[in-house]
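The next block holds one structure in the form of structure tokens; read it before the comments.
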Amino acid sequence: MTIAMTAAAPAATLRAFVSGVGNDSNTASNCAHAAPCRTFAAALTVISPRGEIEALDPAGYGPITINGPLSIVGVPGAAINAPSGGAGIIINAQANEAVHLQGLLIDGSGVGTTGIQFNSGGSLVVENCVIRNLTNDGINVYNSTATVQVLISNTLVADNGFYGIFIFPRTAGSATATFNRVKTSKNFAANIILEGDQTTGTVRGTAIDSVAVGSTSSSDGSGFEAFGAQAELNLFSSVASHNRVGVTAGGGGGTVRLYQTMVTGNTVGWNGGTVMSYVNNSIDDNGCCESPPGSVLPLK
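And the structure:
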């Protein structure tokens, strides 16, 4: 009697590795440290939920679509080049699923549309990244899930053709966003914008030790903006400079609060709906509109 035996497929792994000298055929060994894969997309095929993909060295690792909870950890020079007309990273996770991106260079080379396109999921963490040269947005959070939490820290978002960071919950969704030591520069339409639909979606954000400079669009060009009646942005120890408008509360009802924040060197200091000051800010050397905001909040 002859017994036929076949090799079992490797079980999914919690940690997979990629390298500039790797090979995507190494999915057969789960992109192990000793036999790394070449692209993030190949490593994704062997990773288990809530697993981690690690880049071992500087290289371009290709675009990726993430459909579940995942961490990607890069090293200096670990890059994703967004394809022409497309996004570097697309996220279609389920509600309550977390995606963590760390240490990546995401570059559009003037042809890629979006750096990170977040369509759904429970939370997004972006830290120690550089996102640049996209024709549209650096980071676009347009979530369809009920709620999403966004944390962006120690990250540069620069030289993008429309928004640097755009957060806009769809329909009845909501989003909370925290920007910690985020630098945004020369994103044409606005550097950081939170949009809350006039009747449904809500978005609340806080920027700490963050900088928004060089947004010059004649139709918007805001450093920091809360747009819409359901949008709120709080600025603490941050700087808006050399934009067309430093701080905007737009869309017929956005709210911005300023605490120990500098608004300087802009064509327009601040404008729009409700801009509130804690009377410890510096709003000067703008082309116009730098009188103290009408709503003054007490220091406590």
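For the record, in the sequence shown the residue sitting at position 137 is 136 according to numbering that gives the first Met the number 0, with numbers rising by one throughout.
C-beta atoms are modelled at their ideal positions from N, C-alpha and C, and glycine is treated no differently.
Just so it is clear, the structure is predicted and the values come from calculations on it, not from any experiment.
Query	Result
Terminal residues of the beta strand (DSSP E) in which Ala157 lies	Thr146 to Ala157
Best match in Thr146, Phe117, Gln148 and Ser184 for proximity to Asn132 [C-alpha to C-alpha]	Ser184
Anticipated Cβ contact below 8 Å, Gly272 with Thr260, distance rounded	Contact doesn't hold; Cβ gap of about 18 Å is too wide.
Residue range of the alpha helix (DSSP H) that includes Leu43	Phe39 to Leu43
Whole-angstrom distance between Phe178 and Gln229, CA atom to CA atom	19 Å
Helix, strand or coil at Ala248 according to DSSP, with G and I counted as helix	strand
Residues near Asn153 in its chain [Cβ-Cβ closer than 7 Å; skip 5 each side]	Glu126, Asn127 and Arg180
Beta-carbon gap between His241 and Val212 smaller than 7 Å	yes
Proximity winner among Asp136, Pro291, Ile46 and Gly73, relative to Leu55 (alpha-carbon distances)	Gly73
Three-state secondary structure assigned by DSSP to Asn25	helix
Gly102 versus Ile115, Ala77, Thr266 and Gly87, residue with shortest Cα-Cα distance	Ala77
Coarse secondary structure for Lys185, derived from DSSP in three states	coil
Secondary structure of Gly195, DSSP reduced to three states	coil
First through last residue of the beta strand (DSSP E) which encompasses Phe16	Thr12 to Val17
Asn66 - partner residues in DSSP beta bridges	Answer by DSSP bridge pairing: none, since Asn66 is not bridged.
Gly76 in three-state terms, based on DSSP	coil
Under 7 Å between C-beta atoms of Ala42 and Ala15	yes
Secondary structure of Ala34, DSSP reduced to three states	coil
Opening and closing residue of the beta strand (DSSP E) in which Phe167 lies	Where Phe167 is concerned, there is no enclosing beta strand (DSSP E), given that its DSSP letter is neither H nor E.
Three-state secondary structure (DSSP) of Ala211	strand
Pair within 7 Å by beta-carbon distance, Ser119 and Asn91	yes
Cα-Cα separation, Asn280 to Asn80	39 Å
Reduced DSSP secondary structure (H/G/I, E/B, other) of Thr266	coil
Helix, strand or coil at Tyr141 [DSSP, three-state]	coil
Whether Ile188 touches Val149 by CB criterion (7 Å)	Just to set this straight, residue 188 is Ala in the shown sequence, not Ile. Taking 7 Å as the Cβ cut-off, Ala188 and Val149 do not qualify as a contacting pair.
Helix, strand or coil at Tyr60 [DSSP, three-state]	coil
Euclidean distance between Cα positions of Tyr277 and Val129	32 Å
Rounded straight-line distance, which links the Cα of Ser28 to that of Ser218	53 Å
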